[in-house]
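Encoded as structure tokens, the structure appears first; notes follow it.
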Amino acid sequence: MTARDWTGHDAARTLRRPTDADDKYSRGVVGMRTGSARYPGAAVLGVEAAWRTGTGMVRYVGPERAQDLILQRRPETVTADGRVQAWVIGSGTDATERDAAETAALRGILSGDVAVVADAGALDLVPAASAPVIVTPHARELARLREALGLDSGSGTGDEARERVAAETAEALGGVVLSKGAVTIVAAPGGWVRRVVTGTRWLATAGTGDVLGGVLGAVVAGAAAEGRASLDDLAACAATAAWVHGTAGTAAADRYGEGGGPITALDVAEAVPRVVAGLLGAH
Numbered sequence: 002m003t004a005r006d007w008t009g010h011d012a013a014r015t016l017r018r019p020t021d022a023d024d025k026y027s028r029g030v031v032g033m034r035t036g037s038a039r040y041p042g043a044a045v046l047g048v049e050a051a052w053r054t055g056t057g058m059v060r061y062v063g064p065e066r067a068q069d070l071i072l073q074r075r076p077e078t079v080t081a082d083g084r085v086q087a088w089v090i091g092s093g094t095d096a097t098e099r100d101a102a103e104t105a106a107l108r109g110i111l112s113g114d115v116a117v118v119a120d121a122g123a124l125d126l127v128p129a130a131s132a133p134v135i136v137t138p139h140a141r142e143l144a145r146l147r148e149a150l151g152l153d154s155g156s157g158t159g160d161e162a163r164e165r166v167a168a169e170t171a172e173a174l175g176g177v178v179l180s181k182g183a184v185t186i187v188a189a190p191g192g193w194v195r196r197v198v199t200g201t202r203w204l205a206t207a208g209t210g211d212v213l214g215g216v217l218g219a220v221v222a223g224a225a226a227e228g229r230a231s232l233d234d235l236a237a238c239a240a241t242a243a244w245v246h247g248t249a250g251t252a253a254a255d256r257y258g259e260g261g262g263p264i265t266a267l268d269v270a271e272a273v274p275r276v277v278a279g280l281l282g283a284h
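Under our numbering, think of the first position of the sequence shown as 2, with each following residue one higher.
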């Protein structure tokens, strides 16, 4: 199996372009249940990234400390519950520290009709989901998810082996798999598999996965606002988010000269608007 590379042209076709007829609701609303008392910054980074990608509204529902930090950084964020067109859950959380009320809330989201981006501390609940899901695991998380699905942990580190593992996992899950790595692999049931090769080694730093979750939530909400909600549509959103995230990482690093320099997750989020504008302006 050798997947086709996802390109900037593909990404531009997937992003929702704002129109003169839009309001904040029609552009897409992202709901985020992320962060924890231990990792509140993850929530801040994801919310920042969702706004920077061009969503119409972000609703944050999470721990009070994270909520306070988000409102200091992004006061336009809505902290009241309400209708959303995509959920992002699990970033900055640990399943072993989750209480019964939080578990029930996450299971409610995963049993709904709205597409859900699930990461980190929510991945253990995904096998029972009935909602359309996109999971965004790193290698260790992917191995644990496969075991929960009754699969072997997966073997091989080459791109073709990772493509096979991602495709097999997507079939067993009935959802989209975004397998993080220097080369990101995105797979959906039915054989849809793509590679995303944008990015820089400087992206391997704390919090960049939380930024990816926010970018992806915004892209999914925008697609949902236009009625694009099939699993193939969600896979295209996942590949697009990975492309935007990787390109933003490279742009942030390249500010420091040829070969790039050290960046933080917030640097990546702040580079996203220029990447999105470049895509929509060029295609």
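All C-beta atoms, glycine included, are put in the ideal place defined by N, C-alpha and C. Every value quoted in this text rests on a predicted model; they were computed, and no experiment measured them.
Strictly by DSSP, which residues pair up with residue i?
i, result
"Val30", "Met58"
"Ser180", "Ile186"
"Asp211", "Answer by DSSP bridge pairing: none, since Asp211 is not bridged."
"Arg195", "Arg5, Val187"
"Ile135", "Val118, Val177"
"Ile90", "Arg34, Ala119"
"Val276", "Per DSSP, none; premise fails for Val276."
"Val79", "Arg60"
For residue i, collect the residues of the same chain with a Cβ closer than 7 Å to its Cβ; drop the 5 residues on either side in sequence, then sort them by chain order.
i, result
"Ser154", "Ala144, Arg147, Glu148"
"Gly83", "Arg60"
"Val198", "Asp6, Val184"
"Asp233", "Ala189, Trp193"
Who are the near neighbours of residue i in its chain, counting only those whose CB is closer than 6 Å to its CB and skipping five residues on each side?
i, result
"Asp42", "The residue asked about is misnamed: residue 42 is Gly in this sequence, not Asp. If we look at Gly42 and ignore the five residues flanking it on each side, it has no Cβ neighbours."
"Ala270", "Glu49, Ala50, Arg53, Val212"
"Ala272", "Ala249, Ala252, Ala253"
"Ile221", "According to the sequence displayed, residue 221 carries Val and not Ile. Cβ within range, chain order: Ala87, Ala116, Cys238."
"Gly200", "Gly247, Gly250"
Under the rule that 16 or more other beta-carbon atoms within 10 Å means buried, what is residue i, buried or exposed?
i, result
"Pro133", "buried"
"Asp69", "exposed"
"Arg28", "buried"
"Glu142", "buried"
"Pro263", "exposed"
"Ala207", "exposed"
"Arg17", "buried"
"Gly151", "exposed"
"Thr158", "exposed"
"Gly122", "buried"
"Thr20", "exposed"
"Asp95", "exposed"
"Gly282", "exposed"
"Thr97", "exposed"
"Gly228", "exposed"
"Asp125", "buried"
"Ala102", "exposed"
Please report the distance separating the alpha-carbon of residue i from that of residue j.
i, j, result
"Leu174", "Pro128", "6 Å"
"Trp52", "Arg163", "31 Å"
"Asp24", "Ala226", "11 Å"
"Gly258", "Val276", "18 Å"
"Ser131", "Val117", "10 Å"
"Tyr26", "Leu72", "20 Å"
"Ala44", "Arg75", "11 Å"
"Thr170", "Gly109", "23 Å"
"Arg196", "Gly223", "22 Å"
"Gly260", "Lys181", "22 Å"
"Ser156", "Val79", "43 Å"
"Trp203", "Asp255", "10 Å"
"Ala105", "Ser231", "26 Å"
"Arg99", "Ala22", "42 Å"
"Ala205", "Asp120", "17 Å"
"Ala168", "Val136", "13 Å"
"Gly176", "Ala236", "9 Å"
"Pro138", "Thr8", "22 Å"
"Met58", "Leu107", "21 Å"
If you drop the 5 nearest sequence neighbours on each side, which residues of the same chain put their C-beta closer than 8 Å to that of residue i?
i, result
"Ala12", "Ala240, Thr241, Trp244, Val245, Leu280"
"Gly47", "Met33, Thr35, Gly36, Val89, Ser92, Gly93, Asp211, Val212, Gly214, Gly215, Gly218"
"Thr209", "His246, Gly250, Ala266, Val269"
"Thr56", "Arg28, Gly29, Val30, Val31, Gly218, Ala219, Ala222, Gly223"
When the cut-off is 9 Å and only beta carbons count, does residue i lie next to chain C?
i, result
"Val89", "In the structure shown, chain C does not exist; there is a single protein chain."
- Query: Okay, do the stretch 213-223 and the stretch 240-250 touch, 3+ Cβ pairs below 8 Å being the bar?
  - Reply: yes
- Item | the stretch 109-116 / the stretch 186-199 touching (three or more Cβ pairs under 8 Å) | no
- Item | Inter-stretch contact (C-beta, 8 Å, three-pair minimum) for the stretch 31-41 and the stretch 56-69 | yes
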